[in-house]
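A.B. asks: Encoded as structure tokens, here's the structure I'll be asking about.
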Amino acid sequence: MRDPYSILIKPVASEKAIKMAESENKLVFIVDRKAKKPEIKEAVEKAFNVKVIKVNTYIAPDGRKRAIVRLSPEFKATDIEAQLGITVG
């Protein structure tokens, strides 16, 4: 497997992404366009020591690939956002 940080380019800190973290326990990342869902899952698990339930991906109109990662209930997406320096307000 490739380095997790070559797959996960950066987290998305939009209002919608923060709301998803708080209400649905999901994180949103901009990822490498060639990355597959299993690679993204493994990269998030290795980078943050969490368990991932599901990964959804889409290519945004600007051409960047985004991954919406749902975490297992025993892990909090808001805690990971705090580690990444994403804060509300």
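So the number in our numbering is just where the residue sits in the sequence shown, counting from 1, plus 44.
No residue lacks a Cβ here, since even glycine has one placed at the ideal position from N, Cα and C.
None of the values given here were measured: they were computed from a predicted structure.
#1: Looking at the strands, I want to know which residues DSSP matches up with residue 52.
#2: Looking at the secondary structure, which residues open and close the beta strand (DSSP E) in which residue 101 lies?
#3: Between the beta-carbon of residue 85 and the beta-carbon of residue 96, is there less than 7 Å?
#4: Use the C-beta contact count for residue 126: other C-beta atoms within 10 angstroms, 16 or more gives buried, fewer gives exposed.
#5: Quick one: does residue 54 have its CB under 7 Å from some CB of chain D?
#6: Specify the secondary structure class of residue 29 as computed by DSSP and reduced to three states.
C.D. replies: According to the structure shown:
#1: Looking up residue 52 in the sequence shown gives position 8. Partner(s): 75.
#2: Stepping through the sequence shown from its first residue, residue 101 is reached at position 57. It spans 96-103 - the beta strand (DSSP E) in which residue 101 sits, taken as one unbroken run.
#3: Here the question's residue 85 lines up with position 41 in the sequence shown. Here the question's residue 96 lines up with position 52 in the sequence shown. Cβ atoms of residue 85 and residue 96: closer than 7 Å.
#4: The sequence position of residue 126 within the sequence shown is 82, counting from 1. Residue 126 comes out exposed.
#5: Included in the structure is just one protein chain, with no chain D present.
#6: Residue 29 falls outside the range modelled here, since the chain spans only 45 to 133, and no answer is possible.
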